[in-house]
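Quick notes on the structure that follows.
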């Protein structure tokens with residue numbers, strides 16, 4: 002009796018996740034936030050130069066506004082853009098579940114492990130949908146830092162109207178220093194962020210197109 006060998010059934014290919022890595026609302030709010038931060042920082046440097054409280058000033062060539070009045074106008078315009086766009090960004094992250102899915106959990110052990118891997122050049126960037134622990138910490142820090150910038154900025158803008166907030170921040174002059182240092186932290190983040198984009202350029206294409214470029 003002839004027997005016919007039955008070939009094993011081939012496993013179906015894994016289902017490809019065709020959802021955008023970064024949804025459209027996230028990309029729009031990301032770039033608007035980036036624009037607002039650039040304007041706020043460069044105009045803020047010009048405002049700082051008008052009454053510096055550290056023994057240095059910012060070179061005029063990298064400031065925005067030309068003079069104090071012009072810098073204030075740019076600063077206030079960008080302030081409202083950051084507040085409203087930042088609110089949309091945060092609300093959409095929470096409502097869509099993206100905040101919990103992308104940025105949590107984050108643990109000290111995970112941060113230490115990924116930081117060591119990054120220093121050794123062994124931190125994988127193969128899956129653009131997944132943030133490592135260092136990225137999670139950095140992005141959460143930026144969200145909190147921007148909130149500090151907004152709150153301290155309100156004190157500098159309307160000190161009398163936000164008297165309680167002013168007192169919580171240690172007074173007007175201390176709020177100025179908090180505002181400046183929070184801004185410096187954002188600048189440091191942007192520098193590191195740009196370096197990482199230069200090292201992994203496909204992340205920039207992903208943030209523009211929403212999908213990772215084909216290999």
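Residue numbers (the numbering used here): 2 to 216. Ideal placement from N, C-alpha and C gives every residue a C-beta, glycine not left out.
Query	Result
Would you grab the beta carbon distance between residue 40 and residue 101 for me? Rounded to a whole angstrom, and I think it's under 8 Å.	Not a contact, Cβ separation roughly 31 Å.
What is the C-beta distance between residue 177 and residue 55, in whole angstroms, given that I count them as a contact (C-beta under 8 Å)?	Not confirmed; about 11 Å, so no contact.
Output the boundary residues of the alpha helix (DSSP H) element that contains residue 154.	134–158
Using C-beta distances below 6 Å, list every residue in its chain close to residue 44, excluding the 5 sequence neighbours before and after it, in chain order.	65, 66, 72, 75, 76
Return the chain-ordered list of same chain residues with a C-beta closer than 8 Å to the C-beta of residue 132, the five sequence neighbours on each side being excluded.	103, 104, 140
For the region 195–215 against the region 177–187, do three or more pairs of beta-carbon atoms, one drawn from each stretch, fall closer than 8 Å, so that the two count as touching?	no
Taking residue 204 and residue 198 to be in contact with their CB atoms under 8 Å, please state how far apart those CB atoms are, rounded to whole angstroms.	6 Å
Ignore the nearest five residues each way along the sequence and tell me which others in residue 181's own chain have a CB closer than 7 Å to its CB.	49
What is the rounded straight-line gap between the Cα of residue 81 and the Cα of residue 87?	9 Å
Would you decide whether residue 154 is buried or exposed? Buried here means 16 or more other CB atoms lie within 10 Å of its CB.	buried
Decide if residue 25 is buried, meaning its Cβ has at least 16 other Cβ atoms within 10 Å, or exposed.	exposed
Would you tell me roughly how many angstroms separate the C-alpha atoms of residue 130 and residue 148, rounded to the nearest one?	26 Å
Starting from the C-beta of residue 97, find all residues in its chain whose C-beta is less than 8 Å away, skip the five residues before and the five after it, and write them out in chain order.	24
If contacts are defined as beta-carbon pairs under 8 Å, then residue 42 and residue 187 qualify, I think. What distance do you get, rounded to the angstrom?	7 Å
How big is the Cα-Cα spacing for residue 106 and residue 173?	36 Å
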